[in-house]
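Sequence order for the protein chains is S and W. At position 2 of the first sequence (counting the first as 1) the number is 12 in the working numbering, and the numbers step up by one without a gap. At position 109 of the second sequence (counting the first as 1) the number is 121 in the working numbering, and the numbers step up by one without a gap.
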Amino acid sequence: GAGVSQTPSNKVTEKGKYVELRCDPISGHTALYWYRQSLGQGPEFLIYFQGTGAADDSGLPNDRFFAVRPEGSVSTLKIQRTERGDSAVYLCASSLGLAGNSPLHFGNGTRLTVT
Amino acid sequence: GESVGLHLPTLSVQEGDNSIINCAYSNSASDYFIWYKQESGKGPQFIIDIRSNMDKRQGQRVTVLLNKTVKHLSLQIAATQPGDSAVYFCAENGRGGADGLTFGKGTHLIIQP
Numbered sequence: 011g012a013g014v015s016q017t018p019s020n021k022v023t024e025k026g027k028y029v030e031l032r033c034d035p036i037s038g039h040t041a042l043y044w045y046r047q048s049l050g051q052g053p054e055f056l057i058y059f060q061g062t063g064a065a066d067d068s069g070l071p072n073d074r075f076f077a078v079r080p081e082g083s084v085s086t087l088k089i090q091r092t093e094r095g096d097s098a099v100y101l102c103a104s105s106l107g108l109a110g111n112s113p114l115h116f117g118n119g120t121r122l123t124v125t
Numbered sequence: 013g014e015s016v017g018l019h020l021p022t023l024s025v026q027e028g029d030n031s032i033i034n035c036a037y038s039n040s041a042s043d044y045f046i047w048y049k050q051e052s053g054k055g056p057q058f059i060i061d062i063r064s065n066m067d068k069r070q071g072q073r074v075t076v077l078l079n080k081t082v083k084h085l086s087l088q089i090a091a092t093q094p095g096d097s098a099v100y101f102c103a104e105n106g107r108g109g110a111d112g113l114t115f116g117k118g119t120h121l122i123i124q125p
């Protein structure tokens, strides 16, 4: 079956612009996670959904970042007024159960570059 | 500081040799640990996991060892192959009771021909 799909794979935007990053999880996975990975670092937690609701958004760096999952499947990570420091790979993952009990399955990420 | 870390940023081994990648964690509440492999331009790929009620788990050519006493996790890869070249991350579920995984910085494994 298909894995986690993220689009676009690369996004270049100018400082101050708005961007949306999309994630299609594995079918049937109720938990969906967003992580951010900077060069040479491990992924850092941003937010996770259980179904349609954001169960934990404590990793979002500030209020310019927002994510939705309106139908409990596809999720969109939205970044307003982008800054150069937002440049990173944004990873999405899904799991059948909670991350405490089952592995996360990651997509290949969206590489965001803010110029 | 980070709750999960690795001792070496880069590990170079000869093709065919065994490799051991180490990881230290500090959150004693963590009870689930995972090793991921990440190749350039790709997302982390699940390798093997282990729960805290175990101290060893084996997969195909890989073994994970967990020492809860010293909060240490290791990944052993037998008979390394060129395709094993990647960055390896350990991750734990100790986010203060919240869901999600905490990752270390990673070890870059280089397989020499």
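Heads up, the beta-carbon is just placed ideally off N, CA and C, and yes, glycines get one too. Small disclaimer: the values here were computed from a predicted structure and weren't measured.
Have a look at the DSSP bridge pairing and note the partners of residue i.
| i | result |
| --- | --- |
| R79 (chain S) | None, per the DSSP bridge assignment. |
| Y45 (chain S) | S:F55, S:L101 |
What did DSSP end up calling residue i once you bin it into helix, strand or coil?
| i | result |
| --- | --- |
| G53 (chain W) | coil |
| R133 (chain S) | Nothing can be reported for residue 133 (chain S), as the shown portion of chain S is limited to 11 through 125. |
| G13 (chain S) | coil |
| G95 (chain W) | helix |
| V22 (chain S) | strand |
| S31 (chain W) | strand |
How many angstroms separate the CA atom of residue i from the CA atom of residue j?
| i | j | result |
| --- | --- | --- |
| L108 (chain S) | L113 (chain W) | 10 Å |
| S15 (chain W) | C102 (chain W) | Reliability of the predicted coordinates at S15 (chain W) is poor, the pLDDT of 45 falling under 50, and no value is obtained from them. |
| K21 (chain S) | I36 (chain S) | 23 Å |
| L18 (chain W) | L114 (chain S) | For L18 (chain W), the pLDDT reaches just 44, beneath the cut-off of 50, and the residue's location in the model is therefore unreliable, although a value from the coordinates is still provided. Each residue's alpha carbon lies about 20 Å from the other. |
| R79 (chain S) | Q57 (chain W) | 24 Å |
| K27 (chain S) | T92 (chain S) | 5 Å |
| T81 (chain W) | Y37 (chain W) | 11 Å |
| V99 (chain W) | G53 (chain W) | 11 Å |
Alpha carbons only, please: which of the options is nearest the one belonging to residue i?
| i | options | result |
| --- | --- | --- |
| Q60 (chain S) | S:G119, S:D73, S:S104 | S:S104 |
| S86 (chain W) | W:A41, W:P94, W:G116, W:Q124 | W:G116 |
| C102 (chain S) | S:Y28, S:K25, S:L49, S:L56 | S:L56 |
| R73 (chain W) | W:N65, W:S64, W:A91 | W:A91 |
| Q90 (chain S) | S:Q47, S:G63, S:D73, S:N111 | S:D73 |
| E104 (chain W) | W:L121, W:G71, W:G118, W:F45 | W:F45 |
| T75 (chain W) | W:P125, W:V25, W:I123, W:N30 | W:N30 |
| Q70 (chain W) | W:L121, W:D96, W:Q88 | W:Q88 |
| L31 (chain S) | S:S68, S:A41, S:T17 | S:T17 |
| G13 (chain S) | S:H39, S:N111, S:V29 | S:H39 |
Would you check if the distance between the CB atom of residue i and the CB atom of residue j is smaller than 8 Å?
| i | j | result |
| --- | --- | --- |
| G55 (chain W) | F76 (chain S) | no |
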